[in-house]
Amino acid sequence: MDFTNPLVYGVPCFLGFIALEFSYSKVFDKDKKDLYKKKDFISSLSLGVGSAVLGALIKTVSVILIFNFAYDLFNPEVNGVRTNIMGYKSFGYAWYFWAICMLLDDYTYYWFHRQNHMVRVLWAAHIVHHSSDNFNLGTAVRNGWFTLFYKPFFYVWIVIIGFPPEMLVVCLGIESLWQFQLHTQYVKKLGVFEKFLNTHTMHQVHHARNLEYMDKNHGGFLNVFDRIFGTWKELDENIEIEYGVSTPPESYNLYVILMHEYQNIWADMKKSKNWSHKFMYAFGPPGWSHDGSTLTVKQMRKQIAEESKNNDLTPA
Numbered sequence: 001m002d003f004t005n006p007l008v009y010g011v012p013c014f015l016g017f018i019a020l021e022f023s024y025s026k027v028f029d030k031d032k033k034d035l036y037k038k039k040d041f042i043s044s045l046s047l048g049v050g051s052a053v054l055g056a057l058i059k060t061v062s063v064i065l066i067f068n069f070a071y072d073l074f075n076p077e078v079n080g081v082r083t084n085i086m087g088y089k090s091f092g093y094a095w096y097f098w099a100i101c102m103l104l105d106d107y108t109y110y111w112f113h114r115q116n117h118m119v120r121v122l123w124a125a126h127i128v129h130h131s132s133d134n135f136n137l138g139t140a141v142r143n144g145w146f147t148l149f150y151k152p153f154f155y156v157w158i159v160i161i162g163f164p165p166e167m168l169v170v171c172l173g174i175e176s177l178w179q180f181q182l183h184t185q186y187v188k189k190l191g192v193f194e195k196f197l198n199t200h201t202m203h204q205v206h207h208a209r210n211l212e213y214m215d216k217n218h219g220g221f222l223n224v225f226d227r228i229f230g231t232w233k234e235l236d237e238n239i240e241i242e243y244g245v246s247t248p249p250e251s252y253n254l255y256v257i258l259m260h261e262y263q264n265i266w267a268d269m270k271k272s273k274n275w276s277h278k279f280m281y282a283f284g285p286p287g288w289s290h291d292g293s294t295l296t297v298k299q300m301r302k303q304i305a306e307e308s309k310n311n312d313l314t315p316a
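Counting in the UniProt record's numbering, the sequence shown runs from 1 upward without gaps.
1. Would you check if the distance between the CB atom of Gly138 and the CB atom of Ile18 is smaller than 7 Å?
2. Just tell me which of Cys171, Asn198, Asp268 and Tyr150 has its CA closest to the CA of Arg227.
3. Report the option in Phe91, Gly92, Tyr93 and Pro76 whose CA atom is closest to the CA atom of Ile85.
4. Quick one: is Asp268 buried, meaning 16 or more other Cβ sit within 10 Å of its Cβ, or exposed?
5. Out of curiosity, what's the CA-to-CA distance linking Ile64 and Phe14?
6. Within the continuous alpha helix (DSSP H) that includes Ser276, where are the two ends?
7. Residues in the same chain with beta-carbon distance under 7 Å from Phe135, minus the five sequence neighbours each way, listed in chain order, please.
8. Excluding the five sequence neighbours on either side, which residues of its own chain have a C-beta within less than 6 Å of the C-beta of Tyr110, listed in chain order?
9. Tell me which same chain residues have a C-beta within less than 7 Å of the C-beta of His260, skipping the five on either side of it?
10. Quick one: does the C-beta of Phe74 sit closer than 6 Å to a heavy atom of the ligand GDP?
11. Just to confirm my understanding: we take Val119, look at its own chain, exclude 5 residues before and 5 after, and list those with CB closer than 7 Å. What are they?
12. To test your reading of the DSSP string, which unbroken alpha helix (DSSP H) runs of 4 or more residues are found completely within the UniProt domain "Fatty acid hydroxylase" (98-231)?
13. Can you tell me which residues form a DSSP beta bridge with Lys89?
14. Just verifying my parser: in three-state terms, what is the DSSP assignment at Glu240?
15. Any contact of the stretch 208-217 with the stretch 292-308, i.e. 3+ C-beta pairs under 8 Å?
16. For Val78, which beta-bridge partners are listed by DSSP?
17. Taking 6 Å as the limit between beta carbons, can you name the residues of its chain near Phe67, skipping five residues before and five after?
18. Helix, strand or coil: which one does DSSP assign to Trp288?
19. Could you tell me how far apart the beta carbons of Ala125 and Ile265 are, in whole angstroms, since I believe they sit closer than 8 Å?
20. Relative to the C-alpha of Val78, which residue among Ile174, Ser90 and Pro12 is closest?
21. Is it true that the CB of Asn5 sits closer than 7 Å to the CB of Val169?
22. Roughly how many whole angstroms lie between the Cα atoms of Val297 and Val141?
23. Taking all protein chains shown into account, decide if Thr108 is buried (16 or more other Cβ within 10 angstroms of its Cβ) or exposed.
24. Could you please give the first and the last residue of the uninterrupted alpha helix (DSSP H) stretch that includes Asn264?
25. Assign Glu234 to one of three DSSP states: helix, strand, or coil.
26. Quick check on Tyr96: buried or exposed, where buried means 16 or more other Cβ atoms within 10 Å of its Cβ?
Listed below in structure tokens is the structure:
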């Protein structure tokens, strides 16, 4: 059964909503006249166009060579019926299979997204999306190009267990549509929906470089996995958000934006001759250093907690 990827219709809508938000902020909202900055916006759009072109090519290849190959290998036809190697009939297109596939997609998105923040070589690809100090719908299309090469491998297990590749591709497209619209400051807290959905204010937290907000809210549709695995954080309206990253590219040049963190990794790897140190600079968490010259988010939070504790114990 053939399905159309929702992003085919989503991309024109993306451009329309970006134009609408851009125009509204410039003409009608005096408080957000600087929501879009020209050079940053051009960089984001350029990265988005490049991602769309590469995505069209790579996703087609990934479906044919990875998803379809894995599906055929683990779900061969037995007497004309798709049967998983575990012995059960591969899943069809009933509504409940769509719902389960969407849930598994969301679960996988959480871990894919979280690892992009926890493994530095993956962060080097993902940092592109976070490298702007603006948060708007234009930022939503500011995607790193290199994530496209490894993302399918996080999701392939879903087709291995019996979900058709085209079903997974549709679910991935729906996830992308939801992620796009999260990148706006014009939608405030959504009441009861905040209990289970990943909302706009939660995604503002995710894009903040405030220490208390870093590495939080990795979810796609739902925030349940963030809540379960300890990475959920609600927006505190008393805290002024600073968007961006602690090691920005400081350039609007596409090459610099795409490559600057890889260059930082290479520079850090040369600081030590110890191969375990080199490995950690590439595959450890961002901020890790062998000599303590830079700290991970976890280490910084621990340091602040210890300092606060020591201050509390110091006699007045």
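Just so it is clear, CB atoms sit at the ideal spot from N, CA and C, and this is done for glycine as well.
So, from the data block:
1. Along the sequence shown, read from residue 1 onward, the residue named residue 138 stands at position 138. Along the sequence shown, read from residue 1 onward, the residue named residue 18 stands at position 18. In this structure, Ile18 lies closer than 7 Å to Gly138 by Cβ.
2. As a first step, residue 227 is located in the sequence shown; it is residue number 227 there, counting from the start. With distances taken between Cα atoms, Arg227 lies closest to Asn198.
3. One-based indexing of the sequence shown puts residue 85 at position 85. Cα-wise, what sits closest to Ile85 is Pro76.
4. Taking the first residue of the sequence shown as 1, we reach residue 268 at position 268. Residue burial annotation: Asp268 is buried, with at least 16 other C-beta atoms found within 10 angstroms of its C-beta.
5. Stepping through the sequence shown from its first residue, residue 64 is reached at position 64. Stepping through the sequence shown from its first residue, residue 14 is reached at position 14. So the two alpha carbons sit approximately 27 Å from each other.
6. Position 276 of the sequence shown, counted from the first residue, corresponds to residue 276. Counting along the chain, the alpha helix (DSSP H) containing Ser276 begins and ends at Trp275 to Phe283.
7. By 1-based counting over the sequence shown, the position of residue 135 is 135. These residues qualify, in order along the chain: His183, Gln185, Gln204, His207 and Tyr243.
8. For the purposes of this step, residue 110 is taken as residue 110 along the sequence shown, with counting starting at 1. His218, Gly219 and Phe225.
9. Numbered from 1 along the sequence shown, position 260 holds the residue referred to as residue 260. Counting only Cβ-Cβ distances below 7 Å, and skipping sequence neighbours, we find Pro249.
10. For the ligand GDP, the structure offers nothing, since it holds no ligand at all.
11. Start at 1 with the first residue of the sequence shown, and residue 119 comes out as number 119. Leaving aside the five residues that flank Val119 on each side, the residues in its chain whose CB is nearer than 7 Å to its CB run, in chain order, Phe283.
12. 120-130, 137-140, 147-160, 165-181, 200-206 and 224-229
13. Counting from 1 along the sequence shown, the entry for residue 89 is found at position 89. Thr83.
14. What you label residue 240 is simply residue 240 of the sequence shown in a count that begins at 1. Three-state result, Glu240: coil.
15. yes
16. The sequence position of residue 78 within the sequence shown is 78, counting from 1. In the DSSP output, where bridge partners are listed per residue, Val78 has Val81.
17. The sequence position of residue 67 within the sequence shown is 67, counting from 1. Same-chain partners within the cutoff: Val159 and Pro165.
18. Reading the sequence shown from its first residue, position 288 is the one you call residue 288. DSSP places Trp288 in coil when its eight states are reduced to three.
19. For the purposes of this step, residue 125 is taken as the residue at position 125 of the sequence shown. For the purposes of this step, residue 265 is taken as the residue at position 265 of the sequence shown. Ala125 to Ile265, Cβ: 11 Å. No contact.
20. As a working mapping, residue 78 is identified with position 78 in the sequence shown. Answer by Cα proximity: Ser90.
21. Here residue 169 is taken as the residue at index 169 of the sequence shown, counted from 1. Here residue 5 is taken as the residue at index 5 of the sequence shown, counted from 1. Yes, they are a contact pair.
22. The residue you call residue 297 lines up with position 297 of the sequence shown. The residue you call residue 141 lines up with position 141 of the sequence shown. Straight-line Cα distance between these residues: approximately 26 Å.
23. Reading the sequence shown from its first residue, position 108 is the one you call residue 108. Only buried fits Thr108, as 16 or more other CB atoms lie within 10 angstroms of its CB.
24. Working through the sequence shown from its first residue, we reach residue 264 at position 264. Leu254 to Met269 is the span of the alpha helix (DSSP H), which, as asked, contains Asn264.
25. What you label residue 234 is simply residue 234 of the sequence shown in a count that begins at 1. Three-state result, Glu234: coil.
26. Residue numbering aside, residue 96 sits at position 96 when the sequence shown is read from its first letter. It is exposed - the Cβ of Tyr96 has fewer than 16 other Cβ atoms within 10 Å.
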